[in-house]
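Below is one structure, written out as structure tokens, with a few remarks after it.
Protein chains: 2
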Amino acid sequence: MERQSVPQTTIQRLPAYLRCLLQAQEQRMPVVNSVELAEMCGTNAAQVRKDLSYLGELGTRGIGYDVKALIAHISSVLGITERRRAAVIGYGRFGGALLGYSGFAERGFEIVAVVDADPAKVGTLVQTPSGEIAVSAIDDLERVMQEAGVEIAILATPASVTQGMADRLVAAGVRAILNLAPVRLVVPEGIAVRQVCLSTDLQVLSFHLAQNAQHGPQGADEQE
Amino acid sequence: MERQSVPQTTIQRLPAYLRCLLQAQEQRMPVVNSVELAEMCGTNAAQVRKDLSYLGELGTRGIGYDVKALIAHISSVLGITERRRAAVIGYGRFGGALLGYSGFAERGFEIVAVVDADPAKVGTLVQTPSGEIAVSAIDDLERVMQEAGVEIAILATPASVTQGMADRLVAAGVRAILNLAPVRLVVPEGIAVRQVCLSTDLQVLSFHLAQNAQHGPQGADEQE
DNA sequence: TTCTGTGAACTGATTCACAGCG
DNA sequence: CGCTGTGAATCAGTTCACAGAA
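Going line by line, the protein sequences match chains A and B. Going by the working numbering, the first residue of the first sequence is number 440, and it counts up by one from there. Going by the working numbering, the first residue of the second sequence is number 440, and it counts up by one from there.
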């Protein structure tokens, strides 16, 4: 019944708002206004009001935003009122680190499957914050995704095999992919992909170092 | 002697151009034109030409861009003609994964120090793609940063101590920080910070799943 | 009076379309 | 001719400034 045109940039800020609101809740603040919320997450009040206004009329004039209600609303917009089921593809250094990470569970995600190509690893039991799971074989990828009801795949495979994995995941019905390998994925329309590339981020940082070195230490801050 | 107004967005795309150019070089292509380069990195030709034009007149009309020369130029703009020295703060699951990752070395970075608070870990030898290094104690943070000549710090510490670490790093002269902990860092003007938050990315993906579920499987692709 | 919600103005980035170099 | 480099047009996102709800 409502709009669908929430700007891309606003969506990317919603998780930050959510984090700050949870923090406010811990501090027993029943209400926050746009100035406080902006302060907490490092934006400005106009931005906060504009962003939240895309989601509906969520505030009370003269008062501010009800913390509990706003948390519920943003969670709903982000689609994390129910826990989302994710899988880690590639049980290597990064894959292993992800499985042990408790931050996912705290933010609405559960790792329900791990897949690896190495026969030596298949069958291994892995301890995750939300339980113990066994490593599955790559050959069973499609079956495992379907049986575990995986909605999001986290690709932590070697670069060379990553596109192939993505193709199989899409064919198996996975519609959202977080790619940690340093390759650009090509996927059909309608599949959501997010690329995380630490080397890219380091290179951007390096650019700023190069800039500041050149003409006096006054310079660029933050990203975005 | 030249401009300093390369748009933020262009800078963030330079690493991708670099990656594609290295790939072109491997395929023995001496020259690429804007259409080919756009194809390779998933943009459009106008974008490529505009981006590269901010760096100078690097192409040859009627021909395209010399791959070798363009690699050299972009590397120079990104400040990675010399190897940049980075440190990993926090030798936990993620820190460990980073140290074993060979992608950094391939893209102009060298991990020259690891620091951890756990006395049991201090002194441990860690094998990295570019050699063996010993874990240093957090108490020695300032000295280690200075002696190793660290330019970029990668924060992989528990959220609760991350801001404190950032403060000490800045005080120790580090001017660029890649933060993997899910907290917003507050740093003085002139310090470059990049935030990587996997949970945030998952939440954005979840938003897209929620959207598509609502009104028919036609939908959002890619990030940015 | 206090603070939200929102048009209007502005800023920055992308795309278009073409002049002009090799 | 083919392709770059670039002004001009467009589009998206941010900031301003204020009307009006509580």
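Think of the CB as a built atom: it goes at the ideal place given N, C-alpha and C, for glycine as much as any other residue.
Is residue i close to chain B? Criterion is C-beta to C-beta, closer than 9 Å.
i	result
V635 of chain A	yes
P621 of chain A	yes
V516 of chain A	yes
S569 of chain A	no
V625 of chain A	yes
I616 of chain A	yes
G547 of chain A	yes
T639 of chain A	yes
V600 of chain A	no
R523 of chain A	yes
Using only the alpha-carbon positions, how far apart do residue i and residue j sit?
i	j	result
A544 of chain B	M584 of chain A	34 Å
V692 of chain A	S638 of chain A	A question about residue 692 of chain A goes unanswered here, because the residues of chain A that appear run from 440 up to 663.
A605 of chain A	L594 of chain A	8 Å
A455 of chain A	G534 of chain A	25 Å
Q602 of chain B	L624 of chain B	6 Å
D555 of chain B	V561 of chain B	7 Å
A536 of chain B	P568 of chain B	12 Å
Y504 of chain B	G498 of chain B	4 Å
V521 of chain B	G547 of chain B	In the sequence as displayed, the identity of residue 521 of chain B is Glu instead of Val. Cα-Cα distance, rounded: 7 Å.
L457 of chain B	A484 of chain B	16 Å
Y540 of chain A	S541 of chain B	22 Å
R480 of chain B	Q451 of chain B	The sequence shown places Cys at residue 480 of chain B, rather than the Arg named in the question. Taking the straight line joining both Cα atoms gives about 13 Å.
A592 of chain B	V600 of chain A	30 Å
G501 of chain A	T448 of chain A	27 Å
A526 of chain B	E496 of chain A	46 Å
F646 of chain A	L491 of chain B	15 Å
V487 of chain A	S515 of chain A	18 Å
Y530 of chain A	K489 of chain B	40 Å
Could you check whether the Cβ of residue i sits closer than 9 Å to any Cβ belonging to chain A?
i	result
Y540 of chain B	yes
G603 of chain B	no
V474 of chain B	no
L509 of chain B	no
G535 of chain B	yes
Q466 of chain B	no
G629 of chain B	yes
P454 of chain B	yes
R500 of chain B	no
L460 of chain B	no
Q566 of chain B	no
R532 of chain B	yes
Just to confirm before moving on: does the CB-CB distance between residue i and residue j stay below 9 Å?
i	j	result
L608 of chain B	Q566 of chain B	no
L517 of chain B	Q642 of chain A	yes
I617 of chain B	R633 of chain B	Per the sequence shown, the amino acid found at residue 617 of chain B is Leu instead of Ile. In this structure, R633 of chain B lies closer than 9 Å to L617 of chain B by Cβ.
V471 of chain B	V506 of chain B	yes
I572 of chain A	V551 of chain A	yes
A463 of chain B	L476 of chain B	yes
R524 of chain A	E590 of chain A	yes
I528 of chain A	T596 of chain A	yes
R467 of chain B	N651 of chain A	no
L494 of chain A	I510 of chain A	no
C636 of chain A	L648 of chain A	no
A587 of chain A	P558 of chain A	no
Ordered list of alpha helix (DSSP H) runs contained in the stretch 569 to 632 of chain B, each at least 4 residues: If we require 4 residues or more, the alpha helix (DSSP H) runs fully inside the stretch 569 to 632 of chain B come out as 580 to 587 and 598 to 610.
Where the stretch 572 to 598 of chain B meets chain A: residues whose CB sits under 7 Å from a CB there: If the cut-off is 7 Å between Cβ atoms, the stretch 572 to 598 of chain B has E590 and I591 near chain A.
Selection of the stretch 477 to 498 of chain B by Cβ proximity to chain A, strictly under 9 Å: Hits within the stretch, in order: M479, C480 and G481.
Inside the stretch 455 to 520 of chain A only - beta strand (DSSP E) runs reaching at least 3 residues: Segments of the beta strand (DSSP E) lying fully in the stretch 455 to 520 of chain A: 503 to 505.
Cβ-based contacts, 9 Å cut-off: residues of the stretch 640 to 654 of chain B near chain A: Here the close residues are D640, L641, Q642, V643, L644, S645, F646, H647, L648, A649, Q650, N651, A652, Q653 and H654.
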